[in-house]
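Student: In the working numbering, each residue carries its 1-based index in the sequence shown increased by 757.
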Amino acid sequence: MKSVLFVGHGSRDPEGNDQIREFISTMKHDWDPSILVETCFLEFERPNVSQGIDTCVAKGATDVVVVPIMLLPAGHSKIHIPAAIDEAKEKYPHVNFVYGRPIGVHEEALEILKTRLQESGENLETPAEDTAVIVLGRGGSDPDANSDLYKITRLLWEKTNYKIVETSFMGVTAPLIDEGVERCLKLGAKKVVILPYFLFTGVLIKRLEEMVKQYKMQHENIEFKLAGYFGFHPKLQTILKERAEEGLEGEVKMNCDTCQYRLGIMEHIDHHHHHDHDHGHHHHDHHHHDHHHDHHHHEDKVGELK
């Protein structure tokens, strides 16, 4: 029997974990009923990846496609999930494992962002010249994932008529959201729309909601809007089904399971990954000098390109 095991990040906020479960439960109604679909989490919630694999095998799966419900390829999708799959291969040598791709830079993800902007009241074709959009990511230590968010921001700029579209992060790396807001105001924005590049609710989304309230109090003459996260958008179902089908059909285009760089790193990591993400946040300051020089192209764009 074939099975698909979706791996959510996991959150300290039970509501975020419940949203993932509900999303997958809704999505699998349209699937071939002969395919087993299960959900697990990397951290903060059970079942973990190993337990999710155990469940699939216990229910009779001979093929397990592991699909990360993650926006960008970073440490979790490159290192920690493949580590769990390695352990499972030793435990279940008779089972075929395929590791699918994270969402990545995807056309449908851009469409979701555009939808969320429109739902916040924005006109993407003729936005006000003094309206700025901040594409806000989680932030992490993986430069590939961080740079992918910049690519997504650029593609959103290309597909809309905003003059100011900036990238910021909630933590770990710069520019943080406070810097993003400050930059938008310096560029003359009278309205700032914060567009979360997040899948579901959780601790960071709820923290962001409070931050936006503070921005409104600090800048009484500036309009701040918080657009919605991806949530239950049907195009997110489309993307994840696509990733699952790639694995079921053996057509995965990228697989960190066999990455030569990962194999070296594996000697130095703890397979039982239990770290707390918040511990990284006190390292922010030493990054700041690396980032500011990259942003000046936006100033030219504001005056000349659109």
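From the three backbone atoms N, C-alpha and C, an ideal C-beta is built for every residue, glycine too.
Under DSSP, the beta strand (DSSP E) around L952 begins and ends at which residues?
Tutor: Numbered from 1 along the sequence shown, position 195 holds the residue referred to as residue 952. Residues K948 to P953.
Student: Suppose you measure from the CA of A831 to the CA of D901; what does that come to, to the nearest Å?
Tutor: Your numbering for residue 831 matches position 74 in the sequence shown. Your numbering for residue 901 matches position 144 in the sequence shown. In a straight line, the C-alpha of A831 is about 7 Å away from that of D901.
Student: Could you please give the first and the last residue of the uninterrupted beta strand (DSSP E) stretch that includes I921?
Tutor: If you number the sequence shown from 1, residue 921 lands on position 164. Element bounds for I921: I921 to F926.
Student: Of the choices I921, P839 and H851, whose alpha-carbon is the least far from that of D820?
Tutor: As a working note, residue 820 is residue 63 in the sequence shown. The candidate whose alpha carbon is nearest that of D820 is H851.
Student: Give the single residue among I781, I934 and K816 whose Cα lies nearest to the Cα of Y954.
Tutor: Working through the sequence shown from its first residue, we reach residue 954 at position 197. With respect to the C-alpha of Y954, the residue from I781, I934 and K816 having the closest C-alpha is I934.
Student: According to DSSP, which residues form a beta bridge with D820?
Tutor: On the sequence shown, position 63 is the one that residue 820 refers to. Beta-bridge pairing links D820 to K759 and N853.
Student: Taking contact to mean at least 3 C-beta pairs separated by less than 8 Å, is the region 978–998 in contact with the region 864–880?
Tutor: yes
Student: L942 bridges to which residues according to DSSP?
Tutor: As a first step, residue 942 must be located in the sequence shown, where it is residue number 185. Answer is none; L942 lacks a bridge partner.
Student: In terms of alpha-carbon separation, which member of T783, G894, D811 and E967 lies closest to S760?
Tutor: Taking the sequence shown and counting its residues from 1, the one referred to as residue 760 is at position 3. It is D811 whose Cα lies nearest to the Cα of S760.
Student: Which two residues bound the contiguous beta strand (DSSP E) that contains I891?
Tutor: Counting from 1 along the sequence shown, the entry for residue 891 is found at position 134. That run of the beta strand (DSSP E) goes T888 to G894.
Student: Span of the alpha helix (DSSP H) holding T910?
Tutor: Numbered from its first residue, the sequence shown carries residue 910 at position 153. Per DSSP, T910 belongs to the alpha helix (DSSP H) from P900 to K916.
Student: May I have the straight-line CA-CA distance separating M758 from N774, to the nearest angstrom?
Tutor: Reading the sequence shown from its first residue, position 1 is the one you call residue 758. Reading the sequence shown from its first residue, position 17 is the one you call residue 774. Roughly 27 Å between the two C-alpha positions.
Student: Excluding sequence positions up to five away, which residues of its chain have a Cβ less than 6 Å from the Cβ of V855?
Tutor: Here residue 855 refers to the residue found at position 98 when the sequence shown is read from its first residue. Within the same chain, V855 has close Cβ partners V822 and G1004.
Student: Between the C-alpha atoms of C813 and L913, what's the straight-line distance to the nearest angstrom?
Tutor: Numbered from its first residue, the sequence shown carries residue 813 at position 56. Numbered from its first residue, the sequence shown carries residue 913 at position 156. About 38 Å.
Student: Following the continuous beta strand (DSSP E) through K982, name the residue where it begins and the one where it ends.
Tutor: Here the question's residue 982 lines up with position 225 in the sequence shown. That run of the beta strand (DSSP E) goes E980 to L983.
Student: Please list the segments of the beta strand (DSSP E) lying wholly inside the region 758–822, counting only runs of 3 or more residues, in order along the chain.
Tutor: 759–765 and 793–798
Student: List the residues that DSSP assigns as beta-bridge partners of P825.
Tutor: Along the sequence shown, read from residue 1 onward, the residue named residue 825 stands at position 68. For P825, which the question treats as bridged, DSSP gives the partners V764.
Student: Measuring CA to CA, which of V824, E980, I781 and F801 is closest to V764?
Tutor: Here residue 764 is taken as the residue at index 7 of the sequence shown, counted from 1. Closest by alpha carbon: V824.
Student: Near W788, what residues of its chain come up, given a Cβ to Cβ distance below 7 Å and the 5 sequence neighbours on each side ignored?
Tutor: On the sequence shown, position 31 is the one that residue 788 refers to. The answer, listed in chain order, is V794.
Student: Express the C-alpha separation of C797 and P804 in angstroms, rounding to a whole number.
Tutor: For this step, residue 804 is matched to residue 47 along the sequence shown. For this step, residue 797 is matched to residue 40 along the sequence shown. The straight-line gap from Cα to Cα measures roughly 5 Å.
Student: Check L956 in the structure and name its three-state DSSP category.
Tutor: Here the question's residue 956 lines up with position 199 in the sequence shown. Correct three-state label for L956: coil.
Student: Let me make sure I understand the geometry here. Which of H976, L893, V1009 and T917 has the alpha-carbon closest to that of V929?
Tutor: Walking along the sequence shown from the start, residue 929 turns up at place 172. For the residues H976, L893, V1009 and T917, the minimum Cα distance to V929 belongs to L893.
Student: Report yes if the C-beta distance between G809 and A1001 is below 8 Å; otherwise report no.
Tutor: On the sequence shown, residue 809 is found 52 positions in, with the first residue counted as 1. On the sequence shown, residue 1001 is found 244 positions in, with the first residue counted as 1. Contact flag unset, no.
Student: Could you tell me the distance, in whole angstroms, from the CA atom of V1142 to the CA atom of E1008?
Tutor: Look at the range of the chain in this structure, 758 to 1063, and you will see that residue 1142 is not part of it.
Student: How many Å lie between N1012 and K846 at the Cα?
Tutor: Residue numbering aside, residue 1012 sits at position 255 when the sequence shown is read from its first letter. Residue numbering aside, residue 846 sits at position 89 when the sequence shown is read from its first letter. The pLDDT assigned to N1012 is 45, lower than 50, so where the model puts this residue is not dependable; a value taken from the coordinates is nonetheless given after this. Computed Cα separation, rounded: 15 Å.
Student: Quick check on L961: does DSSP put it in helix, strand or coil?
Tutor: On the sequence shown, residue 961 is found 204 positions in, with the first residue counted as 1. Three-state result, L961: helix.
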